[in-house]
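For the sequence shown, the working numbering assigns the number 103 to the initial residue and increments by one for each residue that follows. Even glycine gets a Cβ: it sits at the ideal position worked out from N, Cα and C.
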Amino acid sequence: MTEAAGRLSACRRIVVFTGAGVSAESGIPTFRGEGGIWEKYDPDVFGNIPGLGQVWLTQPQRLLDFITDALDTFLAAQPNAAHLVIGKAEAAGRIRAVVTQNVDDLHERGGTRTVFKLHGDLYTLRCLRCGRSGPLDRGRMERIRDQLDGMRSGRLAILKKLWEIMPRCGECEGLTRPDVVFFGESLPANVLRQAEEETRSCDAFLIVGTSGVVYPAALLPKLARSRGALVVEVNREASPYTEMSDFSFFGPAGSIVPELIPESPRPA
Ligand code: OAD
């Protein structure tokens with residue numbers, strides 16, 4: 103650990119690449135593995151818009167559970183020690199950017215200003231009719247959550263209520279969807295391009311909490327490696343990146359990341 107922290111302390115263009123594992127200690131479950139989201143909700147159904155539409159019509163109670171779970175989880179989550187130390191290191195000029203696959207806002211709330219969100223943003227809504235985007239602020243999320251509590255049982259009643267609470271576009275009243283990337287959808291091209299540019303020019307690439315199985319995001323560590331960057335991995339267990347990393351640490355990000363990039367870096 104000391105050697106890796108020392109090598110990182112000499113770097114001034116660190117890119118941090120994060121996945122669900124960085125937010126696990128904030129109470130947001132990861133996707134894969136025990137207790138993961140995809141264990142409870144089938145990704146073939148809940149991971150794409152047509153699948154969600156089908157659940158809405160055929161099993162509205164299941165969709166209600168999914169939305170309730172998501173709102174409870176995201177409303178309760180607070181940045182953890184890993185998010186906070188990354189934010190401080192960016193402010194100190196050591197980190198260039200965070201490239202994340204997460205749709206939460208914990209990096210931003212942890213103080214990081216440059217965050218490239220490859221898989222979109224849960225706090226932005228996109229109109230299905232006119233295509234305009236608008237914010238889904240916490241107050242609106244809380245109001246939706248409150249309405250779900252008062253929901254009567256019965257398939258038709260739930261169907262009707264879900265229709266009523268779905269957020270509408272502020273411009274054209276069209277139905278909106280969260281501006282996140284579902285399976286089969288393209289990543290936002292400009293975000294991917296900027297993430298690639300930062301990766302190409304970084305001197306260190308710190309991987310935190312990702313299984314590295316979802317493409318094209320999974321290619322970024324290989325790009326950093328090919329450009330000669332120092333590659334450091336923090337995960338719960340070995341990943342496809344372990345072999346190519348200069349250092350790998352297995353354990354909770356909230357403990358390991360602050361040791362790797364302490365607030366007062368050791369002299370190189
Ligand atoms: P995964 O759920 O696939 O992987 C989570 C990773 O975090 C694993 O490598 C764990 O070892 C690690 N991990 C778990 N808890 C941790 C902790 N406390 N500290 C450090 N590491 C921990 O999540 P992602 O790799 O982010 O895509 O998944 C990638 C994409 O798959 C997601 O963005 C999402 C999903 O389908 C879309 O929605 C398009």
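Legend entry - Opening and closing residue of the alpha helix (DSSP H) in which S328 lies: Unbroken alpha helix (DSSP H) run through S328: L322 to S328.
Legend entry - Where C271 falls, given that 16 or more other Cβ within 10 Å makes a residue buried: Counting every other CB atom within 10 Å of its CB across the protein chains shown gives C271 a total of 16 or more, marking it as buried.
Inset, instruction - Mind checking which residues open and close the alpha helix (DSSP H) that includes F284? - result: Per DSSP, F284 lies in no alpha helix (DSSP H) and is assigned neither H nor E.
Legend entry - Candidates A319, E299, C304 and T170: closest to E244 by CA position: The shortest Cα separation from E244 among A319, E299, C304 and T170 belongs to T170.
Inset, instruction - Decide yes or no for the touch test of the segment 136 to 155 against the segment 203 to 211: beta carbon pairs closer than 8 Å, at least 3 of them. - result: The segment 136 to 155, when compared against the segment 203 to 211, does not touch it at the 8 Å Cβ threshold.
Inset, instruction - Take V157 and list the residues in its own chain whose beta-carbon comes closer than 8 Å to its own, dropping the five residues that flank it on each side. - result: Non-local beta-carbon contacts of V157 in its own chain, meaning distances under 8 Å to residues more than five positions away in sequence, involve V147, F148, R164, L165 and F168 in chain order.
Inset, instruction - Can you tell me which of the three DSSP states I363 falls into? - result: Coil at I363, not helix or strand.
Inset, instruction - Tell me A199's beta-bridge partners as DSSP assigns them. - result: The partner list for A199 (beta bridge, DSSP) reads V117.
Inset, instruction - In angstroms with no decimal places, state the Cα-to-Cα distance between P369 and D223. - result: Its pLDDT being 48, under 50, P369 is placed unreliably by the model, and the measurement read from it follows with that caveat. Their backbone Cα atoms lie some 37 Å apart in a straight line.
Inset, instruction - Identify every residue that forms a DSSP beta bridge with K219. - result: According to DSSP, K219 bridges with T202.
Inset, instruction - Can you say whether T132 is buried or exposed, counting buried as having 16 or more other CB atoms within 10 angstroms of its CB? - result: Burial call: buried.
Inset, instruction - Determine the burial state of D239: buried for a count of at least 16 other Cβ atoms within 10 Å of its Cβ, exposed for fewer. - result: Burial is judged here by how many other beta carbons sit within 10 angstroms of a residue's own beta carbon; D239 has fewer than 16 and is exposed.
Legend entry - Cβ-Cβ distance between G311 and A340 below 7 Å: Between G311 and A340, the CB-CB gap reaches or exceeds 7 Å.
Inset, instruction - Using DSSP bridges, identify the partner residues of C229. - result: BP columns for C229 point to T278.
Inset, instruction - In angstroms with no decimal places, state the Cα-to-Cα distance between H221 and A297. - result: The straight-line gap from Cα to Cα measures roughly 12 Å.
Legend entry - Extent of the continuous alpha helix (DSSP H) to which E335 belongs: E335: not part of any alpha helix (DSSP H); member of the beta strand (DSSP E) spanning L332 to N337, first to last residue.
Legend entry - Spatial distance of M253 from I188 (CA atoms): In this structure, the CA atom of M253 is about 40 Å from the CA atom of I188.
Inset, instruction - Evaluate D248 with the Cβ neighbour count: other Cβ atoms within 10 Å of its Cβ, from every protein chain shown; 16 or more gives buried, anything less gives exposed. - result: Burial call: exposed.
Inset, instruction - Tell me whether A191 sits in a helix, a strand or coil according to DSSP, three-state version. - result: Three-state DSSP puts A191 in a helix.
Legend entry - Buried versus exposed call for T160 [16 or more other C-beta atoms within 10 Å across all chains shown]: Per the 10 Å Cβ criterion, exposed.
Inset, instruction - With DSSP collapsed to three states, give me the class of R270. - result: In this structure, R270 counts as strand in the three-state DSSP scheme.
Legend entry - Beta-carbon proximity of E334 to F349, cut-off 7 Å: With the sequence shown as reference, residue 334 is identified as Val, and Glu is not the correct amino acid for it. With contacts defined as CB atoms closer than 7 Å, V334 and F349 qualify as a contacting pair.
Inset, instruction - Could you spell out the range, first to last residue, of the beta strand (DSSP E) harbouring F351? - result: Start and end: F349 to F352.
Legend entry - Supposed contact pair R198 and I309 - C-beta distance, whole angstroms, cut 8 Å: The Cβ separation is near 15 Å, so there is no contact.
Legend entry - Cutoff 7 Å; reference W265; Cβ partners in own chain excluding five residues on either side: Closer than 7 Å at Cβ, skipping near neighbours: no residue.
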